[in-house]
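For the sequence shown, the working numbering gives the first residue as 304, with consecutive numbering after it. From the three backbone atoms N, C-alpha and C, an ideal C-beta is built for every residue, glycine too. Here the structure is a predicted model, which means the values were calculated and not measured.
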Amino acid sequence: MKNTSKQPAETGLSWLTLFASTGTLLCCALPILLVSLGFGAAVAAITGTFPILITLSQYKAWIFITSGSLLVGTAWLMQRGKGQCPLDPNIGELCQRAQLWNRRIWSFSVAIWITGFVAAYLALPIQQWLEL
Numbered sequence: 304m305k306n307t308s309k310q311p312a313e314t315g316l317s318w319l320t321l322f323a324s325t326g327t328l329l330c331c332a333l334p335i336l337l338v339s340l341g342f343g344a345a346v347a348a349i350t351g352t353f354p355i356l357i358t359l360s361q362y363k364a365w366i367f368i369t370s371g372s373l374l375v376g377t378a379w380l381m382q383r384g385k386g387q388c389p390l391d392p393n394i395g396e397l398c399q400r401a402q403l404w405n406r407r408i409w410s411f412s413v414a415i416w417i418t419g420f421v422a423a424y425l426a427l428p429i430q431q432w433l434e435l
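In structure tokens:
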């Protein structure tokens with residue numbers, strides 16, 4: 304039987320990565336999207352209700368660096384632990400299923416991170432470039 308002690312760390316880091324990348328979406332992409340669609344009053348109401356969003360947007364560079372680092376760390380853990388499931392058929396199947404879900408969660412987190420990054424850093428320069 305192979306060692307599966309890395310599995311809980313991999314799963315925990317995958318969920319942490321999901322929440323961190325969701326933070327990038329909430330702080331940066333969602334307000335920009337709402338304002339772009341003409342829902343500025345909704346953004347004002349949301350930031351009035353959840354003032355932490357203003358603080359998050361002030362530190363967006365750190366949020367993106369931290370969540371990006373978590374994504375890279377999770378990818379490294381998933382790659383390193385690839386194929387390290389036990390030989391027991393029942394436990395091995397559960398291990399493979401957990402690894403599949405870790406990859407799905409990670410992929411979803413990467414999509415969220417990319418969406419937030421594009422909205423926070425690339426949307427305005429691209430719009431300005433297109434208007435030239």
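Use the C-beta contact count for residue i: other C-beta atoms within 10 angstroms, 16 or more gives buried, fewer gives exposed.
{"i": "residue 344", "result": "exposed"}
{"i": "residue 409", "result": "buried"}
{"i": "residue 405", "result": "buried"}
{"i": "residue 423", "result": "buried"}
{"i": "residue 366", "result": "buried"}
{"i": "residue 305", "result": "Any reading at residue 305 must be qualified, since the residue scores a pLDDT of 46, below 50, and its modelled position is unreliable; the value itself is stated next. Exposed, by the Cβ-count rule."}
{"i": "residue 394", "result": "exposed"}
{"i": "residue 356", "result": "buried"}
{"i": "residue 429", "result": "exposed"}
Out of curiosity, what's the CA-to-CA distance linking residue i and residue j?
{"i": "residue 363", "j": "residue 421", "result": "13 Å"}
{"i": "residue 358", "j": "residue 396", "result": "44 Å"}
{"i": "residue 331", "j": "residue 425", "result": "12 Å"}
{"i": "residue 323", "j": "residue 376", "result": "13 Å"}
{"i": "residue 419", "j": "residue 351", "result": "21 Å"}
{"i": "residue 411", "j": "residue 434", "result": "32 Å"}
{"i": "residue 307", "j": "residue 338", "result": "Confidence in residue 307 is poor, its pLDDT being 46 and thus under 50, which makes the residue's placement unreliable; the coordinate value appears in the next sentence. Distance between the alpha carbons of residue 307 and residue 338 is about 47 Å."}
{"i": "residue 385", "j": "residue 368", "result": "26 Å"}
{"i": "residue 415", "j": "residue 378", "result": "15 Å"}
{"i": "residue 342", "j": "residue 349", "result": "11 Å"}
{"i": "residue 400", "j": "residue 431", "result": "45 Å"}
{"i": "residue 360", "j": "residue 340", "result": "19 Å"}
Among the options, which has the Cα closest to the Cα of residue i?
{"i": "residue 325", "options": "350, 353, 391, 413", "result": "413"}
{"i": "residue 329", "options": "388, 346, 318", "result": "346"}
{"i": "residue 374", "options": "417, 431, 427", "result": "417"}
{"i": "residue 353", "options": "415, 431, 334", "result": "334"}
{"i": "residue 315", "options": "432, 380, 337", "result": "380"}
{"i": "residue 387", "options": "398, 378, 339", "result": "398"}
{"i": "residue 318", "options": "429, 430, 431, 402", "result": "402"}
{"i": "residue 427", "options": "336, 361, 320", "result": "336"}
{"i": "residue 321", "options": "432, 407, 342", "result": "407"}
Report back the beta-carbon spacing between residue i and residue j to the nearest angstrom; my notes put them in contact at under 8 Å.
{"i": "residue 327", "j": "residue 370", "result": "5 Å"}
Quiz item: What alpha helix (DSSP H) runs, 4 residues minimum, are completely inside the region 396-435?
Solution: 426-433
Quiz item: Which runs of the alpha helix (DSSP H) fall wholly inside the region 325-408 and span at least 4 residues, in chain order?
Solution: 333-339, 343-352, 355-361, 363-383
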